[in-house]
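Each number in our numbering corresponds to the 1-based position in the sequence shown with 1 added.
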Amino acid sequence: MVLGRVLLGQGALHRARSLLQEAAALYAESDPVGLGTVCLALLAQACAQSGERAAAEQALARARATHRPAFRTFDSELGLACAWTAAVAGDLPAATGEALRVADAAHAAGHHAHVALALHELTRLGEVTAAANRLRALNDTVDGPLIDAYAAHAEALVADDGHALDRAGVALEVIGAQLLAAEAFAEACWAHRQHGRVASSTRSATRAAVLIERCGTPQTPALTKLGDVAALTRREREVASLAAGGLSNAAIAERLVLSVRTVEHHLEHAYQKLGVRRRSQLAQHLLVPSRRD
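The following block contains the structure:
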């Protein structure tokens with residue numbers, strides 16, 4: 002279950018669901034302290050963030066049925082499961098209301114980590130202003146890169162600052178929160194587009210797309226902001242990533258079984274979409290190391 006929770010935080014939703022389902026089956030056989038409830042609540046969150054409404058609702062119903070009121074420590078995860086299950090059903094007001102309730106209850110109990118998580122989930126669900134100030138105040142009290150990244154993300158959303166959202170995406174990706182990073186880049190894509198920065202919008206969309214692929218098939222409110230922005234195609238990303246890694250056009254062509262002319266064509270499109278002119282500029286937009294930098 003613990004590994005499933007870690008994977009959920011990283012955005013590895015498919016693996017998280019698989020492990021949490023296995024753990025839930027074990028807890029159904031023996032659960033002396035009520036951990037089955039939190040396991041099912043986490044499973045509901047993973048399913049909801051994957052867009053699987055029926056599976057999320059089923060897991061949430063099982064979590065509620067096994068909940069033991071004496072174990073208040075698990076209330077935050079159960080509340081967030083309610084929030085995400087409401088979100089996947091399309092009821093965002095109910096979702097944000099649940100997340101805010103979790104944050105308030107955790108604050109009253111002095112559980113700072115749960116407060117931070119709930120406030121950032123509130124941000125992800127679209128209620129940004131209510132979360133940003135509280136996250137910053139919490140960050141002034143509790144040290145840690147994760148809370149700092151949460152606060153920076155919320156503040157960038159409030160400011161509608163595409164560049165700050167890009168920086169938040171980088172910070173979240175470095176921490177290992179790949180789905181959260183993808184969402185920040187998707188929001189940056191939207192902000193850049195609203196301010197007429199087409200190349201910046203495409204760069205943010207491309208970085209979001211790379212991370213989304215790593216996460217599987219997430220479906221969260223923030224990712225809808227990608228819209229129809231012309232991010233790189235899969236083949237353009239493959240070619241551009243290999244070029245950023247130092248391979249010549251001929252080597253890329255051999256690796257991908259393409260003609261050199263086709264490789265040049267894909268690279269030219271990638272340059273245009275990303276607003277760059279040199280291979281050495283590709284790496285920063287593709288989340289890959291460059292041997293030439």
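Glycine included, every Cβ here is placed at the ideal spot set by N, Cα and C.
Contact between the stretch 255-271 and the stretch 208-228 (3+ Cβ pairs under 8 Å): no
Closest by C-alpha distance to residue 179, when choosing among 216, 40, 129: 216
Residue range of the alpha helix (DSSP H) that includes residue 186: 179-195
Length of the line joining the Cα atoms of residue 246 and residue 256: 13 Å
Alpha-carbon spacing of residue 177 relative to residue 211, whole angstroms: 14 Å
Residue ranges of each alpha helix (DSSP H) within the stretch 248-281, 4 or longer: 250-257, 261-275
Cβ distance (whole Å) where residue 17 is taken to contact residue 54 below 8 Å: With 8 Å as the limit, residue 17 and residue 54 do not qualify as a contact, their Cβ atoms being about 17 Å apart.
The alpha helix (DSSP H) enclosing residue 143, as first and last residue numbers: From DSSP, residue 143 is part of no alpha helix (DSSP H); its letter is neither H nor E.
Beta-carbon spacing of residue 100, residue 122 below 8 Å: yes
Under the three-state DSSP convention, the category residue 128 falls into: coil
Reduced DSSP secondary structure (H/G/I, E/B, other) of residue 7: helix
Distance, residue 40 Cα to residue 295 Cα: There is simply no residue 295 to check, as the chain begins at 2 and stops at 294 in what is shown.
Neighbourhood of residue 152 by C-beta, 7 Å cutoff - its chain only, sequence neighbours within 5 removed: 136, 137, 140
Residue 147 and residue 132 closer than 8 Å at C-beta: no
Own chain residues within Cβ distance below 7 Å of residue 202, not counting five before or after: 190, 193, 194, 230
Distance between residue 124 and residue 67 (C-alpha atoms, nearest Å): 29 Å
Cutoff 8 Å: residue 50 Cβ touching any chain D Cβ: The chain labelled as chain D is not found in the depicted structure, where only one protein chain is given.
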